[in-house]
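Student: Just so we're aligned, residue 4 is where the sequence shown starts under the numbering used here, counting upward by one. Even for Gly, the Cβ is constructed at its ideal location relative to N, Cα and C. It should be emphasised that the depicted structure is a prediction, and the values quoted were computed from it without experimental measurement. Handing you this structure, nothing more for now.
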Amino acid sequence: QNSPLIPALIHAAQHYKAVYPKTGETWNFHKGHIPGQILDCEQPLVVSPPDDLFNVQTNNRDKRSAFMVCWMTYTINRAVLEYRKQF
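Take a look at the structure:
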């Protein structure tokens, strides 16, 4: 099978950071930065990083960090939207 390997389990136990070289911005994810009221409809979603944050990284360590920033942001926002649809 020619599919990319994606971890079956992700443990967000640290602070993940990735620099976006096109702007010099640092994108990061830490579970402690998620507001406790994020499920409230008035709360904004977590700001998503640039679509190519992973692809512009130049080494494996930075790619892992960028993957985590992107994956965790996407996963949190998706869960929040699914929750809000039901309630």
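1. Which residues mark the beginning and the end of the beta strand (DSSP E) in which A21 is found?
2. In three-state DSSP terms, what is F32?
3. Considering just the uninterrupted stretch of the alpha helix (DSSP H) at Q89, what are its terminal residues?
4. Is it buried or exposed for A21, if we count other Cβ within 10 angstroms and need 16 for buried?
5. Does the stretch 35-46 touch the stretch 56-63, meaning 3 or more C-beta pairs lie closer than 8 Å?
6. Would you tell me roughly how many angstroms separate the C-alpha atoms of N58 and F90, rounded to the nearest one?
7. Would you tell me roughly how many angstroms separate the C-alpha atoms of R81 and R87, rounded to the nearest one?
Tutor: Working from what's here:
1. Translated into the one-based positions of the sequence shown, residue 21 becomes position 18. Y19 to Y23 is the span of the beta strand (DSSP E), which, as asked, contains A21.
2. Within the sequence shown, residue 32 is the residue found at index 29, counting from 1. Reduced to three states, the DSSP call for F32 is strand.
3. Numbered from its first residue, the sequence shown carries residue 89 at position 86. That run of the alpha helix (DSSP H) goes N63 to Q89.
4. On the sequence shown, residue 21 is found 18 positions in, with the first residue counted as 1. Result: buried.
5. The stretch 56-63, when compared against the stretch 35-46, does not touch it at the 8 Å Cβ threshold.
6. Taking the sequence shown and counting its residues from 1, the one referred to as residue 58 is at position 55. Taking the sequence shown and counting its residues from 1, the one referred to as residue 90 is at position 87. As the crow flies, the alpha-carbon of N58 is around 36 Å from that of F90.
7. Position 78 of the sequence shown, counting from 1, holds the residue named residue 81. Position 84 of the sequence shown, counting from 1, holds the residue named residue 87. In a straight line, the C-alpha of R81 is about 10 Å away from that of R87.
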